[in-house]
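Participant:
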Amino acid sequence: MGLDDRDALHTLRAAVDADLVGRFYTRWFAVDATARDLFPPDLAHQRHNFAHALSWLLTELIAQRADEPVAFLAQLGRDHRKYGVIGAHYDTLGTALLATLRSELRDRWDDRVAEAAGDTVALLVGVMRGAADADGGLPYHDGTVIDHIRATRDVSIVRLQLDQPLNYHPGQYVSVQVPQWPRRWRYLSPSIPADPGGAIEFHVRSVTGGMVSTAIIGETRPGDRWRLSNPHGALHVDRDGGDVLMVAGSTGLAPLRTLVMDLCRYGVNPRVHLFFGGRFPCDLYDLRTLWEIASTNPWLSVTPVSEFATDPPWATDYPDVQPPRGLHVRQNGLLPDVVTRYGGWGDRQILICGGPDMVAATKAALIAKGAPPERIQHDPLY
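For the sequence shown, UniProt numbering gives the first residue as 1, with consecutive numbering after it.
1. I'd like to know whether the C-beta atoms of Ile321 and Leu287 end up nearer to each other than 7 Å.
2. Which residues share a DSSP beta bridge with His232?
3. Ignoring anything shorter than 3 residues or poking outside the region 296 to 336, list the beta strand (DSSP E) runs there in chain order.
4. Measure from the alpha carbon of Phe39 to the alpha carbon of each residue in Ala131, Arg81, Gln64, then state which is nearest.
5. If you draw a straight line from the C-alpha of Thr251 to the C-alpha of Ala151, how long is it?
6. Measure the beta-carbon distance from Ala18 to Trp28 and round it to whole angstroms, keeping in mind my assumption that it falls under 8 Å.
7. Which residue comes first and which comes last in the beta strand (DSSP E) that contains Arg375?
8. Buried or exposed: which applies to Asn167, given that a residue is buried once 16 or more other Cβ atoms fall within 10 Å of its Cβ?
9. From the DSSP secondary-structure annotation, give me the bridge partner or partners of His203.
10. With DSSP as the reference, please indicate the residues paired to Ala248 in a beta bridge.
11. Measuring only the C-alpha atoms, how far is Ala96 from Tyr25?
12. Heavy atom of the ligand GDP less than 6 Å from the Cβ of Ala294, yes or no?
13. Quick one: what's Trp226 bridged to in DSSP?
14. Could I get the ranges of all uninterrupted alpha helix (DSSP H) runs contained in the region 10 to 76, with 4 residues as the minimum, in chain order?
15. Restricting to Cα atoms, I'd like to know which of Gln349, Ala368, Cys353 is closest to Ile376.
16. Find out if the Cβ-Cβ distance for the pair Lys131, Arg47 is shorter than 7 Å.
17. Please tell me whether Thr92 and Asp133 are closer than 7 Å, where the distance is taken between their beta carbons.
18. I'd like the list of long-range same chain contacts for Ala309, defined as Cβ closer than 8 Å, with 5 residues on each side in sequence excluded.
19. Measuring only the C-alpha atoms, how far is Gln75 from Thr208?
20. Here's the rule I'm using: 16 or more other beta-carbon atoms within 10 Å means buried, otherwise exposed. How should Val329 be labelled?
21. Please state whether the Cβ-Cβ distance between residue 387 and Leu284 is less than 7 Å.
22. For Leu300 and Leu335, what's the separation of their Cα atoms in angstroms?
23. So, helix, strand or coil for Leu253, using DSSP?
24. Name the one or two DSSP bridge partners that His148 has.
25. Compare the Cα-Cα distances from Leu228 to each of Pro222, Trp185, Gly126, Ile146 and report the closest residue.
26. Can you grab the Cα-Cα spacing for the pair Thr120 / Leu235, in whole Å?
27. Are the Cβ atoms of Ile352 and Val359 separated by less than 7 Å?
28. Using a Cβ-Cβ cutoff of less than 7 Å, which residues in the same chain neighbour Asn297 once the five nearest sequence positions on both sides are dropped?
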């Protein structure tokens, strides 16, 4: 029965966790030593992501949904070209993954489970390799840092000039590798629409314990060479889909700012209400840009939100972020509370960007107020 055998697929999914994935990587690197050079020294992040993706894939197969898994695997295969993955790596990956599943499930390994496992691994490897082979574009884009602005203590604005222009839709994100941490890719969202001349800008916030973000903010210099993947994500505004609510926490502003800038190309737009939040007033680092856009585009309303009403002493060491008069009065409180204080927003397209905790809390608060879950967009939280 293979992929139609839901009981066998349930057995496979129950076995998948970070420990199993760790044993898979150990087996794979023993079979193919060249595969180890594709990954950073610390595999904890990679183990978590692969375990999550494999569990999700099996869940979709159990539900007999094929379209989204195939599209996901195809994108994964195209994206893995940036690591230097070649066809031989897929062969050894499939062999190692199947052997790991067999070893993990040795007490329950029968013909049905073996067939389901074989078909799942064949689907994963086949779609990824096929999509990678069919993609004739560049596997990655290199660029040079031309400007680094410390906007706040925790936020940097980094501008690059790419060797070749990168085409992406407003709201999409890319994975980035910086010279301070080779082979450690991190997701960032461009904060300006795609530029035919190759200019691109990122807003980066330092995350506690985050080696890459800390290195970007503390060590990035003009002249550094960055490597960018091809774009991911489907965050978007449907100009015919009604009015829009945007909720941005800190540098979660970047993709929403890109969408707003793209809307400026049109004479008529749906109304957009953007809540931009931070911990302190000084964390609202891009209010001046938002004020300039809102002052000439009446369809855009901006509500600044800060958890605390006053700035800490260290704020004076960084640029003044207060906009000229004309922007909406700043609100105080937690972002989900302030947003839902205005209503349920059930009639809006809703886009939420920021840290995973903020996104989850805001989404839950909006749903509790009556917003339809299917109207809410956000990037993956893991």
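Idealized CB from N, CA, C, for every residue including glycine. These figures come from a predicted structure and were not determined experimentally.
Facilitator: Taking the coordinates as given:
1. Sequence index remark: in the sequence shown, residue 321 carries index 321 (1-based). Sequence index remark: in the sequence shown, residue 287 carries index 287 (1-based). This sequence places Val at residue 321; Ile is not what is there. Yes; because the gap between Cβ atoms is below 7 Å, this pair is in contact.
2. For the purposes of this step, residue 232 is taken as the residue at position 232 of the sequence shown. Tyr173, per the DSSP bridge assignment.
3. 300 to 306
4. Taking the first residue of the sequence shown as position 1, residue 39 is located at position 39. When only C-alpha atoms are compared, the closest one is Arg81.
5. Along the sequence shown, read from residue 1 onward, the residue named residue 251 stands at position 251. Along the sequence shown, read from residue 1 onward, the residue named residue 151 stands at position 151. Rounded to whole angstroms, Thr251 to Ala151 spans 11 Å at the Cα level.
6. Your numbering for residue 18 matches position 18 in the sequence shown. Your numbering for residue 28 matches position 28 in the sequence shown. About 15 Å separates the two Cβ atoms, so there is no contact after all.
7. The count along the sequence shown starts at 1 and reaches residue 375 at position 375. Neither: Arg375 is in no beta strand (DSSP E) and is coded neither H nor E.
8. As a working note, residue 167 is residue 167 in the sequence shown. The residue in question, Asn167, is exposed, as its Cβ has fewer than 16 Cβ neighbours within 10 Å.
9. Within the sequence shown, numbered from 1, the residue matching residue 203 stands at position 203. Ile157.
10. For the purposes of this step, residue 248 is identified with residue 248 of the sequence shown, where counting begins at 1. Note: Ala248 sits in a beta bridge opposite Phe276, Cys353.
11. Here residue 96 refers to the residue found at position 96 when the sequence shown is read from its first residue. Here residue 25 refers to the residue found at position 25 when the sequence shown is read from its first residue. About 8 Å.
12. The ligand content of the structure shown is nil, which means the ligand GDP is not present either.
13. Working through the sequence shown from its first residue, we reach residue 226 at position 226. Note: Trp226 sits in a beta bridge opposite Gly143.
14. 18 to 31, 44 to 62
15. In the sequence shown, the residue the question calls residue 376 occupies position 376. Out of Gln349, Ala368, Cys353, Gln349 has the C-alpha closest to the C-alpha of Ile376.
16. As a working note, residue 131 is residue 131 in the sequence shown. As a working note, residue 47 is residue 47 in the sequence shown. Note that residue 131 is Ala in the sequence shown, not Lys. The answer is no: Cβ separation not under 7 Å.
17. Mapped onto the sequence shown, residue 92 falls at position 92. Mapped onto the sequence shown, residue 133 falls at position 133. Their beta carbons are not under 7 Å apart, which means Thr92 does not touch Asp133 by this criterion.
18. In the sequence shown, the residue the question calls residue 309 occupies position 309. Contacts found: Pro281, Asn332.
19. Residue numbering aside, residue 75 sits at position 75 when the sequence shown is read from its first letter. Residue numbering aside, residue 208 sits at position 208 when the sequence shown is read from its first letter. The straight-line gap from Cα to Cα measures roughly 30 Å.
20. On the sequence shown, residue 329 is found 329 positions in, with the first residue counted as 1. Val329 should be labelled exposed.
21. Since the displayed the chain opens at 1 and closes at 382, residue 387 lies outside it and no answer follows.
22. Within the sequence shown, the letter at position 300 stands for residue 300. Within the sequence shown, the letter at position 335 stands for residue 335. Looking at the two C-alpha atoms, the distance is approximately 19 Å.
23. Locating residue 253 in the sequence shown gives position 253, counting from the first residue. DSSP places Leu253 in helix when its eight states are reduced to three.
24. Here residue 148 corresponds to residue number 148 of the sequence shown, with the count starting at 1. Answer is Val158.
25. Translated into the one-based positions of the sequence shown, residue 228 becomes position 228. Of the candidates Pro222, Trp185, Gly126, Ile146, the one whose C-alpha sits nearest the C-alpha of Leu228 is Trp185.
26. If you number the sequence shown from 1, residue 120 lands on position 120. If you number the sequence shown from 1, residue 235 lands on position 235. One C-alpha to the other measures close to 29 Å.
27. Within the sequence shown, numbered from 1, the residue matching residue 352 stands at position 352. Within the sequence shown, numbered from 1, the residue matching residue 359 stands at position 359. Contact flag set, yes.
28. As a position in the sequence shown, residue 297 is number 297, starting the count at 1. Counting only Cβ-Cβ distances below 7 Å, and skipping sequence neighbours, we find Cys264.
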